[in-house]
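Visitor: If you scroll down you'll find the structure; I have some questions about it.
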Amino acid sequence: GESVGLHLPTLSVQEGDNSIINCAYSNSASDYFIWYKQESGKGPQFIIDIRSNMDKRQGQRVTVLLNKTVKHLSLQIAATQPGDSAVYFCAELTGANNLFFGTGTRLTVIP
Amino acid sequence: DAMVIQNPRYQVTQFGKPVTLSCSQTLNHNVMYWYQQKSSQAPKLLFHYYDKDFNNEADTPDNFQSRRPNTSFCFLDIRSPGLGDAAMYLCATSREGGQGPYEQYFGPGTRLTVT
C-alpha cells in the first residue's frame, strides 16, 4: 500500500541556516506531491508542490527536490527564520483526490 | 479574501451526543474534504465530495457522516461521539480539471473535545 514517511520527527536549526526536511514515499505511481506547513492550532498551509515529471521546483526561500529513483522528496528552506518553526508534512496524491500525509517533522528555529 | 471557514473553532460535546461541524468556502472549488487530525499525528482523510458525489474512505467509521447542500457548504456529523473522536477536524477544498491536480486549501480546523 501507499505510505509516506519522514526520516526525522524533529529538526532544530540555527536562525539563518538552511533547513532540509526529508520524506520517503512508497507508491511509485504517485505523480503529485505537496509540502504543507502547520503551525500550532492552525490548518496546514500550502508551501510548494511538484509533479513527477520534474525533479526540482523553487519558490520563495523554498526548494523541493524529487528523486523518483529512490522515491525520496525533500524540502529545503533557505535562511531559516523563527517564523518557519512549525510541523512540516509531505503529502502524496494517491488517487484522483486522495492526499495521503506523511508523519510530519517538527522544525524548531533557534534564535 | 477567498478562504475556507470553519465554525466553530472549538466545540465541546458530551459522550454520545450528536454534534455537527461546519465548513464554508468562498473559493468556488468543486471538491471539499474532511480530515481528522489527532494530536501529533498527520491529517487523515475521512471523506470528500466531488461536486455532489460523496466518496467515503474505506476505514472511516459509520459514526461519521457528511452533507454538502451546495457548493459552498459542507457539514461533518458525528452521530455518537466517543472519547476517541476528540481531535482537530480539518476541512479542505480543491479545484479539479484543466491542468490539475491542484493543491488543497485548508481551513483553520475545529478542535472537538468529548467529555
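Sequences listed follow chains X and G, in order. If you use my numbering, the first sequence corresponds to residues 2 to 112, in order. If you use my numbering, the second sequence corresponds to residues 353 to 467, in order. Every residue gets a Cβ at the ideal spot worked out from N, C-alpha and C, and that includes glycine. Just so you know, these numbers come straight off a predicted model, no measurement behind them.
Which whole-angstrom value is the C-beta distance of V88 of chain X and I78 of chain X, which I expect to be below 8 Å?
Guide: To locate residue 88 of chain X, count along the first sequence from 1; it is residue 87. To locate residue 78 of chain X, count along the first sequence from 1; it is residue 77. Between I78 of chain X and V88 of chain X the Cβ distance is about 13 Å, and since that is not below 8 Å, they are no contact.
Visitor: What separation, rounded to the nearest whole angstrom, lies between the Cα atoms of V14 of chain X and T109 of chain X?
Guide: In the first sequence, residue 14 of chain X corresponds to position 13, counting from 1. In the first sequence, residue 109 of chain X corresponds to position 108, counting from 1. Each residue's alpha carbon lies about 6 Å from the other.
Visitor: Using a Cβ-Cβ distance under 9 Å, would K1 of chain X count as near chain G?
Guide: An answer regarding residue 1 of chain X cannot be provided, because it is not within the stretch 2 to 112 covered by chain X.
Visitor: Going by C-alpha to C-alpha distance, which of X:Q59, X:K43, X:N19, X:W36 sits closest to S389 of chain G?
Guide: On the second sequence, residue 389 of chain G is found 37 positions in, with the first residue counted as 1. According to the sequence as given, residue 389 of chain G is Gln; it is not Ser. Of the listed residues, the one whose Cα sits closest to Q389 of chain G is X:K43.
Visitor: Please work out which residues of its chain come closer than 6 Å, Cβ to Cβ, to F425 of chain G, disregarding the five sequence neighbours upstream and downstream, and give them in chain order.
Guide: Looking up residue 425 of chain G in the second sequence gives position 73. Here the set comprises S376.
Visitor: Please compile the residues from chain G whose C-beta is within a distance smaller than 7 Å of the C-beta of T104 of chain X.
Guide: Walking along the first sequence from the start, residue 104 of chain X turns up at place 103. What T104 of chain X touches in chain G: A394.
Visitor: Assuming T412 of chain G and L435 of chain G make a contact with CB atoms under 8 Å, what is their CB distance in whole Å?
Guide: Here the question's residue 412 of chain G lines up with position 60 in the second sequence. Here the question's residue 435 of chain G lines up with position 83 in the second sequence. Not quite, the Cβ-Cβ distance comes to about 18 Å (not below 8 Å), so this is no contact.
Visitor: With respect to the beta strand (DSSP E) encompassing R52 of chain X, which residues constitute its N-terminal and C-terminal limits?
Guide: By one-based count along the first sequence, residue 52 of chain X stands at place 51. From DSSP, the beta strand (DSSP E) with R52 of chain X extends over 46-52.
Visitor: When the cut-off is 9 Å and only beta carbons count, does G368 of chain G lie next to chain X?
Guide: Counted from its first residue, the second sequence places residue 368 of chain G at position 16. No, G368 of chain G lies away from the interface with chain X (no Cβ there is under 9 Å from its Cβ).
Visitor: In the stretch 369-384 of chain G, which residues sit with their C-beta less than 8 Å from some C-beta in chain X, listed in chain order?
Guide: Residues passing the 8 Å Cβ filter: V383.
Visitor: Going by DSSP, name the residue or residues bridged to V71 of chain X.
Guide: Stepping through the first sequence from its first residue, residue 71 of chain X is reached at position 70. According to DSSP, V71 of chain X bridges with nothing at all.
Visitor: What in chain G is Cβ-close to L94 of chain X, meaning under 8 Å?
Guide: As a position in the first sequence, residue 94 of chain X is number 93, starting the count at 1. Per Cβ cutoff of 8 Å: P453.
Visitor: Please list, in chain order, the residues of the stretch 22-40 of chain X that have any C-beta partner in chain G closer than 7 Å.
Guide: Listed in sequence order: Y33, I35.
Visitor: Taking Cβ-Cβ distances shorter than 7 Å, what residues in chain G pair up with N99 of chain X?
Guide: As a working mapping, residue 99 of chain X is identified with position 98 in the first sequence. What N99 of chain X touches in chain G: L397.
Visitor: Is the stretch 436-449 of chain G touching the stretch 381-388 of chain G in the sense that three or more CB pairs, one from each, lie closer than 8 Å?
Guide: In short, these stretches touch, since the Cβ pair count reaches three.
Visitor: Mind checking which residues open and close the beta strand (DSSP E) that includes S418 of chain G?
Guide: Stepping through the second sequence from its first residue, residue 418 of chain G is reached at position 66. Segment 416-419, the beta strand (DSSP E) holding S418 of chain G.
Visitor: Grouping DSSP H, G and I as helix and E and B as strand, with all else coil, what is L435 of chain G?
Guide: Taking the first residue of the second sequence as position 1, residue 435 of chain G is located at position 83. In the structure shown, L435 of chain G sits in a helix (DSSP, three-state: H, G or I).
Visitor: Going by other Cβ atoms of all chains shown within 10 Å of its Cβ, with 16 needed for buried, is F416 of chain G buried or exposed?
Guide: As a working note, residue 416 of chain G is residue 64 in the second sequence. Buried: at least 16 other Cβ atoms inside 10 Å.
Visitor: Quick one: is G17 of chain X buried, meaning 16 or more other Cβ sit within 10 Å of its Cβ, or exposed?
Guide: Sequence index remark: in the first sequence, residue 17 of chain X carries index 16 (1-based). Exposed, because fewer than 16 other Cβ atoms sit within 10 Å of the Cβ of G17 of chain X.
Visitor: Using a Cβ-Cβ distance cut-off of 9 Å, determine whether D85 of chain X contacts chain G.
Guide: Mapped onto the first sequence, residue 85 of chain X falls at position 84. With 9 Å as the cut-off, D85 of chain X does not count as an interface residue toward chain G.
Visitor: Judging by CA-CA distance, which residue of X:Y37, X:Y33, X:K38 is the nearest neighbour of N54 of chain X?
Guide: Position 53 of the first sequence, counted from the first residue, corresponds to residue 54 of chain X. Considering only alpha carbons, the answer is X:Y33.
Visitor: Do the CB positions of V371 of chain G and D429 of chain G come within less than 9 Å of each other?
Guide: Locating residue 371 of chain G in the second sequence gives position 19, counting from the first residue. Locating residue 429 of chain G in the second sequence gives position 77, counting from the first residue. In contact: V371 of chain G and D429 of chain G (Cβ atoms closer than 9 Å).
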